[in-house]
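J.: Protein sequence lines correspond, in order, to chains A and B.
Our numbering numbers the first residue of the first sequence as 1 and each following residue consecutively.
Our numbering numbers the first residue of the second sequence as 608 and each following residue consecutively.
Using N, Cα and C, we set each Cβ at its ideal position, and we do this for glycine too.
None of the values given here were measured: they were computed from a predicted structure.
2 protein chains.
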Amino acid sequence: MVTQTLKRTLLGQPIANERAHEERLTKTLALAVFSSDVMSSVAYATEEILIVLVLAGAGALNLSLPIALAIVTLLGILTVSYRQVIAAYPTGGGAYIVASDNFGSKLGLVAGSSLLVDYVLTVSVSIASGVAAITSAIPSLYEYRIILGAVFILLIMLANLRGIRDSGKIFAVPTYSFILGMALMIGFGFFRHFTGYAFVGSGKITHTALEPLSAFLILRAFSSGCVALTGTEAISNGVPAFRKPEYKNAKITLTLMSIVMGSTFFGITELARFYHIVPNPAETVLSQLARGIFGTGAVYFYVQATTALILVVAANTSFADFPRVSSLMARDGFMPRQLMNRGNRLAFSNGIILLAFFSILLIVLFNGDTTRLIPLYAIGVFISFTLSQSGMVKHWYKEHGKGWVKKAIINGTGALTTFTVLMVIAITKFVHGAWIVILVTPILITIFLTIKRHYKSIADQLSLVNLRPPKPAHNWVLMCIGGVHRGTLQALRYAKMISNNGDVNVIYVNTRSEEPTDILQKWDKYGFSSPLEVIKSPYRDVIGPIIARVKQIHNEHPDDFITIVVPEFVCKKWWQQLLHNQTAFILKTRLMFWPNVIITSVPYQLS
Amino acid sequence: MVTQTLKRTLLGQPIANERAHEERLTKTLALAVFSSDVMSSVAYATEEILIVLVLAGAGALNLSLPIALAIVTLLGILTVSYRQVIAAYPTGGGAYIVASDNFGSKLGLVAGSSLLVDYVLTVSVSIASGVAAITSAIPSLYEYRIILGAVFILLIMLANLRGIRDSGKIFAVPTYSFILGMALMIGFGFFRHFTGYAFVGSGKITHTALEPLSAFLILRAFSSGCVALTGTEAISNGVPAFRKPEYKNAKITLTLMSIVMGSTFFGITELARFYHIVPNPAETVLSQLARGIFGTGAVYFYVQATTALILVVAANTSFADFPRVSSLMARDGFMPRQLMNRGNRLAFSNGIILLAFFSILLIVLFNGDTTRLIPLYAIGVFISFTLSQSGMVKHWYKEHGKGWVKKAIINGTGALTTFTVLMVIAITKFVHGAWIVILVTPILITIFLTIKRHYKSIADQLSLVNLRPPKPAHNWVLMCIGGVHRGTLQALRYAKMISNNGDVNVIYVNTRSEEPTDILQKWDKYGFSSPLEVIKSPYRDVIGPIIARVKQIHNEHPDDFITIVVPEFVCKKWWQQLLHNQTAFILKTRLMFWPNVIITSVPYQLS
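Shown next, in the form of structure tokens:
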């Protein structure tokens, strides 16, 4: 009952099925919930571009302008494409649904597993980067970054277990505060730059280039910057969470989100170029900019705090989508059924907990380092972008509706572009970690197919088609005792009750050398005149003789039930339970593959 | 079945009860089994004395002669005393039995817990020191010392799980090889010394004393040397393992053991004094001696190898005694009953495994360092020495047999001497680690008493005294289904069979908003015309409504049985089981404190 109270306090009162539709998001709340992922990536995308470019010397940093322009263009293409996805699939589901629908379940699984991997990485990367924003401002917290990350993830998990509308409220403030902070910084930063202001960042300028400025290096920088686009698809997965009319509200929100995101990303990248910011492992690019533009005062700390907050909150997009996609995949039999269960606050509790587990695992494995996680990140998203967009081309072709050619061209352009980017990322980032995702995806797909095969085989075996009427059967009741006491007699009473004719075969396995006269005498007095059979076990094995007896009855009467009744003590405290033998459990494990054999433990409560 | 085969291969065929008496030890084997502990301590006892003495400068090392003489005298007193213990308690049990018998269970527990702690330390110290002998000869293995130690302990555990006579054979060769090596070294070493040979050991002589030569320091050195005596009591605990006449053979073996041990210890200490050996953390005193006397050749490696071997083997004394003492304490209700079970090779398997676990834990916690473990070591033994000897005084007094005064005086001298030594050790070693044992002992005693109280309370509750005849009762059978399939029908067939009148209350908990028409239609067709009750659960809780129903029936009919039948899938592979809900388990956990409520899962085997 204590656990029940704790659960209520942390998660709130249960919510009934009927209220499911109330739990919908307004556009303002939806923008907060779904945009935190894509918005927050401005906190590290520019930096990841510069980290690659600086390898060719400080002069190469100017190339951030064309790279940023390319990424913003890509964002535009994606936005137009995804508006069409939302319109065509108003029930949501995104890449997994679109790919399954149009290319069948195999490619659907490729999209699904890419999405799942990506949601886990969104959480890990955002949290690692959010913690980095904090440790840039307060360096003494650096050594606690892994624990900090884990705590943040657990807090977001809790918020999501409470249910989605509540989480919308929780996350609206940080998202809008961050957007305000960025707007201030970009506005003031541009103004001061064009009025002649300059400062020196904390990053060291090395005049010697480590690598020549090659096309490959530029593409690698571009690939790094593409992490800015992860999360663009979030809204298309979450259409049903919008208020009615769902798909219209979702489209408007998507366009709004892309405009805000695109201008912020471009603004920050330009600021970094204007002020000649060089990446520094000890301080983020954003922190250098804010410190230089505003000085280390209240506004600087506001920017750092809201950056950290939105990054922590960004993880929330995944907490909205991972459980939804995995519940869809569970519905199709590719993931464990438990992922379909809504908790009593209407959230898919198991998916939420699973996501928290894996993202904390990644934080620990990668030591909470954003830059080491980034190469794993974008590849999954671009796989699902490509599958989703090319699926849409097929969709329009199949539908052959009004204006289908135009629509197919739009999504075709999207598919071609994202596929090209996917190849660029896979090649330029392969050795840096993209191989992990390329390795994990087929493993995941194998697991999903194995699960599906299992459920299918079970459904076949359980099917009632061609059911033969059962033969009349008997219930043989065995009971094994270790002594004669109230627990034994309680079990005997029950055993006699469930036996068809009151007959119970009571067995005492004697591991001693001598006759168990003490047991026999007590049984004569208290055993309700049931006979007691003593089986000698010279090798002191208690379980073996019972199993032998069960096998013997089963072979003689294969259609009959055999029930083994085992008296069991129930102690008040868990450690007390360790002081008793676990016969019922061992019997159950040993006999579980024997048909028609039932092990029943009759509890006897001790105070 | 694979696990069964593996078990047979590692542990050998089962041994029947009738063969228990065959598994007895001849004197030659017994000397090997029981003396390895006390014999092996010569490998570190001299060194531990010198480590303390050298604090007062190299000149103080000569004091090892009087200290060694004192310890040998102590050994003589103990031997005479323990011969009387063996004669008086031919069934074995040592300090725990003697103290319980004569001073009651409280002091018996003090002795018992001291013994148990000591057996664990015997294993840890011997293994740590055996590994040190190996790393003295092969320094590159030093960094693997903890893993090496753990592997050795696991091997000894295995040997002991095979049964005691087999282990006697395994351990006879190392013990006698070590005694031979020591005899050679002492003989040759004395001869060369008196014929004028000298060499310089690897230990550095520091001419500046770190501490003044005080009486306290000398007593501390003496305390360190007393570790040589741990294991003297081993034979008195293990009398029943001897061939008949047990107590006579045991007495002879004890005397033999003390003579061999005493002369070896004295010989080595004198050798170290003759050759001015100074302790060196990187090389044991024994290694310095053997290298100096024989040169670094075959004989040197023979000495090192047999030293390592006997130290590893020494741990075996504890593996013979710890399980025996803990089975005695379990018999008396102070430890979990499972410690009384003999495995199918006649060994007390659980005690053996427990000892291995704790000794490996100590090796890990103390980083495999002998000198850090030593201060914890002797104190437990001397507590049990004192209790055992003073118990014997009371024993003779109570018995008042022929020559009891003489016998009482012998044991009284033993008690007085060991008590004095106990105080010396407790005081001089307190800060170095003795406090840990002084702290742990009362904690252990509290645990033992708590376990005893639990068993006593259960025996009272289960007692058949004043048993009232049970009221005639009914068996209410509930069944909860999640769908209609072969598994459900199998469970329904069973449920009808165990119900007194064939009535089964079948419940479907509906977590959806709409009516479960699919389920109802199927049930109409296949449900053996049992009515199906649908309970609406708007908060999607499946367990709650079932529990509410059980509580309702229980309150109306508190004396009746209520059986909840739950269909359960049995999958071939463990991971498949994870893909299904665990309703039976959850129900069992939630209802286990309700009297007369039985949860029965009816397995349905899937291929």
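(1) Using only the alpha-carbon positions, how far apart do LEU1008 of chain B and LYS1001 of chain B sit?
(2) According to the Cβ coordinates, are LEU55 of chain A and GLY262 of chain A closer than 8 Å?
(3) In three-state DSSP terms, what is PHE222 of chain A?
(4) Hey, is MET608 of chain B's beta-carbon within less than 8 Å of any beta-carbon in chain A?
(5) Within the same chain, show all residues whose beta-carbon is closer than 6 Å to that of ILE445 of chain A, passing over the 5 residues directly before and after it, in chain order.
(6) Taking 8 Å as the cut-off, decide whether the C-beta atoms of ARG337 of chain A and LEU1186 of chain B are in contact.
(7) Is MET608 of chain A buried or exposed, if buried means 16 or more other CB atoms sit within 10 Å of its CB?
(8) Under 9 Å between beta-carbons, which chain A residues line up against GLN945 of chain B? List them in chain order, please.
(9) Distance cutoff 8 Å, beta carbons only. Does THR1207 of chain B sit that close to anything in chain A?
(10) For the candidate residues A:PRO375, A:GLU514 and A:PRO323, whose alpha-carbon lies nearest to that of LEU115 of chain A?
(11) In terms of residue numbering, what span does the alpha helix (DSSP H) encompassing ILE353 of chain A cover?
(12) Going along the segment 532-554 of chain A in order, which residues come within less than 7 Å of chain B, judged by CB to CB distance?
(13) Where does the unbroken beta strand (DSSP E) through MET1086 of chain B begin, and where does it stop?
(14) Looking only at its chain, what residues have a beta carbon closer than 7 Å to the beta carbon of TYR576 of chain B, apart from the 5 residues adjacent to it on each side?
(15) Who are the neighbours of PRO470 of chain A on chain B, taking C-beta pairs under 8 Å?
(16) Could you give the residue range of the beta strand (DSSP E) that holds GLN1212 of chain B?
(17) Under 8 Å, Cβ to Cβ, is there at least one residue of chain A near MET550 of chain B?
(18) For SER223 of chain A, is the classification buried or exposed, using 16 other Cβ atoms within 10 angstroms of its Cβ as the cut-off for buried?
(19) Using beta carbons (cut-off 8 Å, strictly below), is GLN1068 of chain B in contact with chain A?
(20) Can you tell me which of A:SER601, A:ARG192, A:SER607 and A:TRP594 puts its alpha carbon nearest to the alpha carbon of SER1214 of chain B?
(21) Is there a Cβ of chain A sitting closer than 8 Å to that of ASN767 of chain B, yes or no?
(22) Could you work out which residues of chain B lie near VAL570 of chain A, taking near to mean beta carbons separated by less than 8 Å?
(23) Taking the runs of the beta strand (DSSP E) that are 3 residues or longer, which of them lie wholly in the segment 1148-1185 of chain B?
(24) Inspect the beta-carbon positions of VAL33 of chain A and ALA320 of chain A and report whether they are closer than 8 Å.
(25) By the criterion of Cβ-Cβ separation under 9 Å, what are the contact partners of PHE561 of chain A in chain B?
(26) DSSP beta-bridge partners for LEU1139 of chain B?
(27) Could you pull out every residue in the same chain whose Cβ sits closer than 6 Å to the Cβ of THR232 of chain A, ignoring the five residues on either side in sequence?
(28) Quick one: what's got a C-beta closer than 6 Å to THR1184 of chain B's C-beta in the same chain, skipping five residues either side?
(29) Is the CB of ASN475 of chain A under 8 Å away from at least one CB in chain B?
(30) For PHE294 of chain A, collect the residues of the same chain with a Cβ closer than 8 Å to its Cβ; drop the 5 residues on either side in sequence, then sort them by chain order.
(31) Determine whether the Cβ of LEU1074 of chain B lies closer than 8 Å to any Cβ atom of chain A.
(32) Kindly list, in the order they appear in chain B, the residues whose Cβ is closer than 7 Å to that of ARG342 of chain A.
(33) For chain A, is any of its Cβ atoms less than 8 Å away from the one on TYR1115 of chain B?
(34) When the Cα atoms are used, what is the spatial distance from SER35 of chain A to GLY181 of chain A?
(35) Should ALA805 of chain B go down as buried or exposed, given a rule of 16 or more other Cβ atoms within 10 Å for buried?
(36) Using alpha carbons as the reference points, say which of B:ALA665, B:PRO673, B:ALA695 and B:ALA637 lies closest to ALA1015 of chain B.
T.: So, from the data block:
(1) Residue identity differs from the one stated: residue 1008 of chain B is Gly in this sequence, not Leu. One C-alpha to the other measures close to 12 Å.
(2) no
(3) helix
(4) Per-residue confidence for MET608 of chain B stands at a pLDDT of 48, beneath the threshold of 50, marking its modelled position as unreliable; no derived number is given.
(5) LEU109 and SER113
(6) yes
(7) A query on residue 608 of chain A cannot be resolved here, the shown segment of chain A reaching from 1 to 607 and no further.
(8) LEU578, LEU579, HIS580 and ASN581
(9) yes
(10) A:PRO323
(11) 349-365
(12) PRO538, TYR539, ARG540 and ASP541
(13) 1082-1088
(14) Chain B is shown from 608 up to 1214; residue 576 of chain B falls before or after that span and cannot be answered.
(15) LEU1096 and ARG1100
(16) 1204-1212
(17) Since the displayed chain B opens at 608 and closes at 1214, residue 550 of chain B lies outside it and no answer follows.
(18) buried
(19) yes
(20) A:TRP594
(21) no
(22) MET1199 and PHE1200
(23) 1168-1177
(24) yes
(25) ARG1100, TYR1101, MET1104, ILE1105 and VAL1209
(26) B:VAL1113
(27) VAL38 and LEU78
(28) Inspection of the sequence shows that residue 1184 of chain B is occupied by Gln rather than by Thr. These residues qualify, in order along the chain: CYS1178.
(29) yes
(30) MET185, PHE188, TYR300 and VAL303
(31) yes
(32) ARG1147
(33) no
(34) 16 Å
(35) exposed
(36) B:ALA695
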